[in-house]
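S.K.: First to last, the sequence lines map onto chains A and B. Residues in the first sequence are numbered from 239 upward in steps of one, following the working numbering. Residues in the second sequence are numbered from 239 upward in steps of one, following the working numbering. Take this structure, written in structure tokens, and hold onto it; I'll ask about it next.
2 protein chains.
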Amino acid sequence: MTATTSPRTRLSPDERRQQLLELGIRLLTNRSLEELSIDTLAEEAGISRGLLYHYFGGKQGYFEAVVQHAADDLYRRTAPPADGAPLERLLGSITGYVDYVIENQDAYRSLLKTAAGSNEALRAIYETTFTALADRFFDEEPGTLDLPDTPAVRLVIHAWQAMVEDLVLTWCARPAGLTREDLVAVITSALPAIIETLP
Amino acid sequence: MTATTSPRTRLSPDERRQQLLELGIRLLTNRSLEELSIDTLAEEAGISRGLLYHYFGGKQGYFEAVVQHAADDLYRRTAPPADGAPLERLLGSITGYVDYVIENQDAYRSLLKTAAGSNEALRAIYETTFTALADRFFDEEPGTLDLPDTPAVRLVIHAWQAMVEDLVLTWCARPAGLTREDLVAVITSALPAIIETLP
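This is the structure in structure tokens:
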């Protein structure tokens with residue numbers, strides 16, 4: 239327990255909640271979401287179970303808050319740079335994604351396992367995040383990839399996202415002779431290449 | 239229960255086991271693997287729990303047998319045609335995959351959910367199947383895609399497989415204006431297109 243997680247530190251309820259979620263994500267490095275109970279968190283944070291129930295309303299509420307917190311973090315970290323050519327901006331966004339996964343790979347794996355399971359609310363947060371990330375391709379601001387917003391393009395982007403997730407996690411475990419820059423370049427070029435295969 | 243699953247039919251132990259596994263896969267259409275207990279199977283097959291334990295050794299053994307059976311089935315169904323140009327053979331194999339998923343989509347979804355979870359043995363069967371399917375690209379027989387068997391190409395094939403899985407399952411739920419033939423063509427062309435992005 240670090241000084242900043244002490245209950246004695248004067249924090250607003252919102253700041254305290256954020257801090258507990260960040261601790262939750264860090265704890266996921268060594269265990270699955272299912273193993274990360276309110277009890278574990280209370281123990282690690284040095285605060286009462288009752289207070290944690292007050293913040294999250296229960297185990298499912300806590301799970302949802304942790305997954306949503308990770309999703310928001312991922313969304314922020316993958317914000318494309320404000321300027322540049324479309325493929326450069328995509329490259330910047332992908333670099334943010336790859337770095338996020340490198341830094342949080344064990345927690346990310348834990349979250350994906352749970353999101354892939356039978357918990358519908360967690361699955362929904364995961365899908366909503368995929369969609370929000372895809373929406374960036376269709377922003378009307380200049381500098382985004384000029385993709386038509388059709389169901390077929392959305393279908394392909396979703397599948398590309400699944401590919402990227404697998405690619406980055408597998409690469410983290412076994413880099414296969416590719417540098418981080420190689421990986422980012424492959425991911426960035428693959429999207430237009432796959433979209434080109436559409437009829 | 240159909241006549242062919244009756245215990246009175248004279249079958250060898252191997253045939254009986256196969257039949258129970260096929261029934262297991264069919265039952266996955268309406269429930270997850272976790273919900274498909276030995277008890278459910280015994281009830282549906284009209285045979286004793288004891289006999290099912292004899293065949294599968296317990297719940298985990300039964301889960302592994304069901305997943306392995308589905309994996310073997312998928313492997314057979316995606317066998318490429320014996321002759322033809324590399325991309326035609328890949329197209330044949332992909333058509334087999336797409337048709338398999340169309341026919342078994344609910345059971346396939348149930349199996350994937352479980353394989354993505356924390357059951358290491360099921361995860362291993364899933365990964366072994368991915369690898370066996372990828373191995374087909376490196377067969378020395380003429381007519382296969384001329385891909386170099388490097389860690390980077392293996393990494394990309396694995397990610398493409400994850401993409402294909404997502405693409406076909408999402409398409410089953412919402413075809414996005416693509417025919418089955420369009421889908422097969424996109425999947426087939428995407429692989430060389432992604433491999434081209436490697437440094």
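Glycine included, C-beta positions come from ideal geometry on N, C-alpha and C.
Rounded to a whole number of angstroms, what is the C-alpha to C-alpha distance between A/Ser286 and B/Arg361?
M.R.: Your numbering for residue 286 of chain A matches position 48 in the first sequence. Your numbering for residue 361 of chain B matches position 123 in the second sequence. Going by the C-alpha atoms only, they are around 37 Å apart.
S.K.: Quick check on B/Ser427 - is its C-beta less than 8 Å from some C-beta in chain A?
M.R.: One-based indexing of the second sequence puts residue 427 of chain B at position 189. True, the Cβ-Cβ gap to chain A drops below 8 Å.
S.K.: Spell out whether any CB of chain B is found under 8 Å from the CB atom of A/Lys297.
M.R.: Within the first sequence, the letter at position 59 stands for residue 297 of chain A. Chain B has no Cβ within less than 8 Å of the Cβ of A/Lys297.
S.K.: Reducing DSSP to helix, strand and coil, say where A/Thr441 ends up.
M.R.: Not covered by the structure: residue 441 of chain A. The range shown for chain A is 239 to 437.
S.K.: Taking only beta-carbon atoms, is B/Asp310 less than 8 Å away from chain A?
M.R.: As a position in the second sequence, residue 310 of chain B is number 72, starting the count at 1. Chain A, which has no Cβ nearer than 8 Å to the Cβ of B/Asp310, makes this no.
S.K.: Within 8 Å (strictly less), CB to CB, does A/Thr240 reach chain B?
M.R.: By one-based count along the first sequence, residue 240 of chain A stands at place 2. Here A/Thr240 scores only 47 on pLDDT, less than 50, and its place in the model should not be relied on; the value that follows carries that caveat. No, no contact with chain B.
S.K.: Using DSSP with H/G/I as helix, E/B as strand and the rest coil, what is B/Arg269?
M.R.: If you number the second sequence from 1, residue 269 of chain B lands on position 31. Note: B/Arg269 maps to coil in three-state DSSP.
S.K.: At a Cβ threshold of 8 Å, is B/Pro324 touching chain A?
M.R.: Residue mapping note: residue 324 of chain B aligns to position 86 of the second sequence, counting from 1. Residue contact with chain A for B/Pro324: absent (no Cβ-Cβ distance below 8 Å to any residue of chain A).
S.K.: If we ignore side chains and look at the alpha-carbon of each, how far apart do A/Leu451 and A/Phe375 end up?
M.R.: Missing from the structure shown is residue 451 of chain A; chain A here goes from 239 to 437 and no further.
S.K.: Could you tell me whether the segment 339-353 of chain B touches the segment 392-411 of chain B, where touching means 3 or more Cβ pairs closer than 8 Å?
M.R.: yes
S.K.: Kindly give me the distance between the Cβ atoms of A/Ile425 and A/Ile332, rounded to whole angstroms, as I take these residues to be in contact under 8 Å.
M.R.: Here residue 425 of chain A refers to the residue found at position 187 when the first sequence is read from its first residue. Here residue 332 of chain A refers to the residue found at position 94 when the first sequence is read from its first residue. A/Ile425 to A/Ile332, Cβ: 5 Å. Contact.
S.K.: With respect to the alpha helix (DSSP H) encompassing B/Ile285, which residues constitute its N-terminal and C-terminal limits?
M.R.: The residue labelled residue 285 of chain B in the question sits at position 47 within the second sequence. First-last for B/Ile285: undefined, no H or E at that position.
S.K.: Closer than 7 Å by beta-carbon distance: list the chain A residues that pair up with B/Arg374, in chain order.
M.R.: The residue given as residue 374 of chain B occupies position 136 in the second sequence. Ordered by position in chain A, no residue passes the 7 Å Cβ test against B/Arg374, which lies about 19 Å from the chain.
S.K.: Which word fits B/Pro318, buried or exposed, when buried means at least 16 other C-beta atoms lie within 10 angstroms of its C-beta?
M.R.: For the purposes of this step, residue 318 of chain B is taken as residue 80 along the second sequence, with counting starting at 1. The residue is buried, with at least 16 neighbouring Cβ atoms inside 10 Å.
S.K.: If we count the other Cβ atoms within 10 Å of its Cβ and call it buried at 16 or more, is A/Arg412 buried or exposed?
M.R.: Within the first sequence, numbered from 1, the residue matching residue 412 of chain A stands at position 174. Exposed, because fewer than 16 other Cβ atoms sit within 10 Å of the Cβ of A/Arg412.
S.K.: From B/Ile363, B/Leu393, B/Leu350 and B/Leu329, pick the residue whose C-alpha is nearest to that of B/Ala303; which is it?
M.R.: Here residue 303 of chain B corresponds to residue number 65 of the second sequence, with the count starting at 1. Across the set B/Ile363, B/Leu393, B/Leu350 and B/Leu329, the C-alpha of B/Ile363 shows the shortest separation from the C-alpha of B/Ala303.
S.K.: Tell me which residues share the same chain as B/Thr242 and place their Cβ nearer than 6 Å to its Cβ, disregarding the 5 neighbours each side in the sequence.
M.R.: Sequence index remark: in the second sequence, residue 242 of chain B carries index 4 (1-based). Here the model assigns B/Thr242 a pLDDT of 49, short of 50, so the residue's position is not dependable, and the following value carries that caveat. Excluding sequence neighbours, B/Thr242 sits near nothing in its chain.
S.K.: Given 8 Å as the limit, is there contact between the segment 263-277 of chain A and the segment 293-312 of chain A, that is, 3 or more CB pairs closer than that?
M.R.: yes
S.K.: Starting from the C-beta of A/Ala372, find all residues in its chain whose C-beta is less than 6 Å away, skip the five residues before and the five after it, and write them out in chain order.
M.R.: What you label residue 372 of chain A is simply residue 134 of the first sequence in a count that begins at 1. Cβ neighbours of A/Ala372 beyond the five flanking positions: Ile395.
S.K.: Can you list, in chain order, the stretches of the alpha helix (DSSP H) that have 4 or more residues and sit fully within the segment 292-377 of chain B?
M.R.: 297-315, 324-354 and 358-373
S.K.: Could you tell me the distance, in whole angstroms, from the CA atom of B/Glu326 to the CA atom of A/Ala345?
M.R.: Within the second sequence, the letter at position 88 stands for residue 326 of chain B. Within the first sequence, the letter at position 107 stands for residue 345 of chain A. Cα to Cα, B/Glu326 sits roughly 41 Å from A/Ala345.
S.K.: What's the call for B/Arg314, buried or exposed, on a 16-neighbour Cβ count within 10 Å?
M.R.: Locating residue 314 of chain B in the second sequence gives position 76, where the first residue counts as 1. It is exposed - the Cβ of B/Arg314 has fewer than 16 other Cβ atoms within 10 Å.
S.K.: With 16 other CB atoms within 10 Å as the buried threshold, where does A/Ala397 fall?
M.R.: Taking the first sequence and counting its residues from 1, the one referred to as residue 397 of chain A is at position 159. Looking at its Cβ environment, which holds 16 or more other Cβ atoms inside 10 Å, A/Ala397 is buried.
S.K.: Assign B/Ala428 to one of two classes, buried (16 or more other C-beta atoms within 10 Å of its C-beta) or exposed (fewer than that).
M.R.: Numbered from 1 along the second sequence, position 190 holds the residue referred to as residue 428 of chain B. Answer is buried; the Cβ neighbour count reaches 16.
S.K.: Using only the heavy atoms of the ligand HEM, determine whether one of them is closer than 7 Å to the beta carbon of A/Leu416.
M.R.: The ligand HEM is absent from the structure shown, which contains no ligand whatsoever.
S.K.: Are the CB atoms of A/Ala308 and A/Ile263 within a distance shorter than 8 Å?
M.R.: Position 25 of the first sequence, counting from 1, holds the residue named residue 263 of chain A. Position 70 of the first sequence, counting from 1, holds the residue named residue 308 of chain A. Cβ distance < 8 Å, so A/Ile263 and A/Ala308 count as in contact.
S.K.: With 16 as the cutoff for other CB atoms within 10 Å, does B/Glu358 come out buried or exposed?
M.R.: As a first step, residue 358 of chain B must be located in the second sequence, where it is residue number 120. B/Glu358 comes out exposed.
S.K.: Using a Cβ-Cβ distance under 8 Å, would A/Leu416 count as near chain B?
M.R.: Translated into positions along the first sequence, residue 416 of chain A becomes position 178. Residue contact with chain B for A/Leu416: present (Cβ-Cβ distance below 8 Å to some residue of chain B).
S.K.: Can you tell which of B/Asp387, B/Glu419, B/Arg418 and B/Glu434 has the C-alpha that lies nearest to the C-alpha of A/Ala453?
M.R.: Because chain A in this structure spans residues 239 to 437, residue 453 of chain A falls outside the shown range and cannot be described.
S.K.: Pick out whichever of B/Arg392, B/Ala323, B/Gln343 and B/Thr316 has its Cα sitting closest to the Cα of B/Asn268.
M.R.: Start at 1 with the first residue of the second sequence, and residue 268 of chain B comes out as number 30. Measuring from the Cα of B/Asn268, the nearest candidate turns out to be B/Gln343.
S.K.: At a Cβ threshold of 8 Å, is B/Glu434 touching chain A?
M.R.: Residue numbering aside, residue 434 of chain B sits at position 196 when the second sequence is read from its first letter. At least one chain A Cβ lies under 8 Å of B/Glu434.
S.K.: If the criterion is Cβ atoms closer than 8 Å, does the pair B/Ser356 and B/Leu271 meet it?
M.R.: One-based indexing of the second sequence puts residue 356 of chain B at position 118. One-based indexing of the second sequence puts residue 271 of chain B at position 33. For B/Ser356 and B/Leu271, no; Cβs fall outside 8 Å.
S.K.: Check whether the Cβ of A/Val422 lies closer than 8 Å to any Cβ atom in chain B.
M.R.: As a first step, residue 422 of chain A must be located in the first sequence, where it is residue number 184. It does not; no Cβ of chain B falls within 8 Å.
S.K.: My output table needs one value for B/Leu261: the three-state DSSP class, helix, strand or coil.
M.R.: Here residue 261 of chain B is taken as the residue at index 23 of the second sequence, counted from 1. If DSSP states are grouped into helix, strand and coil, B/Leu261 belongs with the helices.
S.K.: When burial is assigned at 16 or more other CB atoms within 10 Å of the CB, is A/Ala320 buried or exposed?
M.R.: For the purposes of this step, residue 320 of chain A is taken as the residue at position 82 of the first sequence. Result: exposed.
S.K.: For a contact defined as C-beta to C-beta under 7 Å, what are the partners of B/Pro386 on chain A?
M.R.: Locating residue 386 of chain B in the second sequence gives position 148, where the first residue counts as 1. What B/Pro386 touches in chain A, judged by beta-carbon distance under 7 Å, is nothing: the nearest beta carbon there is about 12 Å away.
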